[in-house]
Amino acid sequence: MLPVELYRGEDALRRDREAVLRRSWQFVGHVQMLAGAGDYIADVVGGAPVVVVRKTDGELSAFHNVCRHRAGALVADGQGNCGEAFTCRYHGWRYALDGRLRSAVDFGKAAGFDPRQYGLFPIRVETWRGLVFVNLDLAAEPLSDLVAPLAARWPEDQSALPLVEKRTHQIACNWKTYVENYLEGYHIERVHPEFDSDVVVAEYRTEVVGEVVFAAAPPRDASVYGGVWGWLWPNLGVNVYRHGYMMERMTALGPSMTRLDYFYFYKPERKAELVDMLKFSDLVTAQDLQVCEEVQRNLEVGVYQGGVLSPKHEVGVAWFQDRIAERLGLPTPPKLTAVA
């Protein structure tokens, strides 16, 4: 198990953001949200404000959402359209959509000031099946490497499905506490008893392929699930249904606070089915929130100093903890070995 100290405190959050979240591909939305020139998505990745924009040539570019003058924000968090240029909300400096400084408004003449040296700080942006990802690490491996295992298990390209619902929840726990809950089905029988009506919980299994953790359980005849549950390192869940899919982003807001953003892409003609599924999803989320908050409370008391992981049910959790340790420069956590 990872040291308990990694699940609490500002220092643990800082290390996660610097070593993990800012050096990984992070989902921020869909190209549907960036339909026209000047359309942008502004979000926070690993504590760093970022913005993705559609340029006039139709391509996407992405930057830190920070003006080069005195660190003002270019745009407010959320979605919008900035026209042909970003205009800093603080002092009005204007930037082309490719990041070049167009105008330091009424700055005055200054010896040695070269506007060409004050373009926006770039970040990586790539798309896969309409899904938009950013990475603050300019030397990161391509997004295609990360999603390759998911593409193999999910051959149907559903990028044309509309975004029909977006829901957000906050949970009082460390982001890793929630991720680890997501990566195992050991708790389902007790925490989510209703789940067995959709899938055969007794046959729930997890498998790690590349940097994707897959979960699978045979669906019941009336189930809406399409048989693919995936999780992409380090904080993105993917649920594939028979008539759509959902992306679940897990964002660290603080040492003991996480935001869950659910993006539902679904066939409009199956609206009634979606309504029922959303009710079930809300129930499952509420159940997970309760147990994760209870776990976090106990992690912060100081009595619990580590346990053991099941080699049968918690393979994904063990892999996740190994990757966290690797990124933080820590020894690989000890674990039990399965026996026949």
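Letter 12 of the sequence shown, counting from 1, is numbered 1274 in the numbering used here, and no numbers are missing. By construction, the Cβ of each residue, glycine as well, lies at the ideal position given by its N, Cα and C atoms.
Status (buried if at least 16 other CB within 10 Å, exposed otherwise) for residue i
i	result
R1276	exposed
H1449	exposed
Y1269	buried
Q1567	exposed
F1395	buried
E1531	exposed
E1272	exposed
Y1352	exposed
A1413	exposed
For residue i, the three-state DSSP class (helix, strand or coil)
i	result
V1293	helix
A1603	This structure leaves residue 1603 out entirely; the chain is present only between 1263 and 1602.
F1375	coil
G1345	coil
A1401	coil
E1469	strand
S1406	helix
R1429	strand
T1439	helix
N1560	helix
Y1352	coil
P1481	strand
V1546	helix
R1589	helix
Y1357	strand
W1287	coil
F1383	coil
S1459	helix
L1445	coil
V1570	coil
L1275	helix
Beta-bridge partners of residue i, as assigned by DSSP
i	result
Y1528	G1506
M1263	In DSSP, M1263 forms no bridge with anything.
R1452	Beta-bridge pairing links R1452 to no other residue.
E1239	Because the chain is modelled from 1263 through 1602, residue 1239 falls outside the range shown and cannot be assessed.
T1520	I1433, A1514
V1313	A1304, F1325
Through-space distance from residue j to residue i, alpha-carbon basis
i	j	result
T1599	W1581	13 Å
I1385	A1347	18 Å
N1497	G1361	28 Å
Y1357	V1471	42 Å
E1442	F1476	13 Å
A1338	A1304	7 Å
L1445	N1501	13 Å
G1578	A1514	20 Å
Q1583	E1576	11 Å
Q1558	R1429	23 Å
D1460	M1508	17 Å
E1588	G1374	44 Å
P1593	L1561	21 Å
S1323	V1563	45 Å
P1517	R1511	17 Å
H1292	R1415	21 Å
Minimum Cβ-Cβ distance from residue i to chain D less than 9 Å
i	result
L1494	Any reference to chain D falls outside this structure, which holds one protein chain only.
- Task: State whether the segment 1375 to 1384 contacts the segment 1278 to 1290, with contact taken as three or more CB pairs (one from each stretch) at a distance under 8 Å.
- Result: In short, these stretches do not touch, since the Cβ pair count stays below three.
- Item | the segment 1434 to 1452 touching the segment 1552 to 1561, judged by at least three CB pairs closer than 8 Å | Enough Cβ pairs lie closer than 8 Å, so yes.
- Task: Pair every Cβ in the segment 1537 to 1549 with every Cβ in the segment 1451 to 1462, then say whether three or more of these pairs are closer than 8 Å.
- Result: Pairwise C-beta distances place the segment 1537 to 1549 in contact with the segment 1451 to 1462, as three or more of them are shorter than 8 Å.
- So, do the segment 1416 to 1425 and the segment 1517 to 1528 have three or more beta carbon pairs nearer to each other than 8 Å? At 8 Å Cβ cutoff, the stretches touch.
- Query: So does the segment 1493 to 1507 actually touch the segment 1398 to 1405, counting three or more Cβ pairs closer than 8 Å?
  - Reply: At 8 Å Cβ cutoff, the stretches do not touch.
- Query: How do the segment 1314 to 1326 and the segment 1531 to 1540 stand: do at least 3 beta-carbon pairs fall below 8 Å, yes or no?
  - Reply: As far as the Cβ criterion goes, the segment 1314 to 1326 does not touch the segment 1531 to 1540, which means the pair count is below three.
- Message: Closer than 8 Å is the cut-off here; do at least three beta carbon pairs connect the segment 1321 to 1338 with the segment 1294 to 1304?
- Response: Contact holds: three or more Cβ-Cβ distances are below 8 Å.
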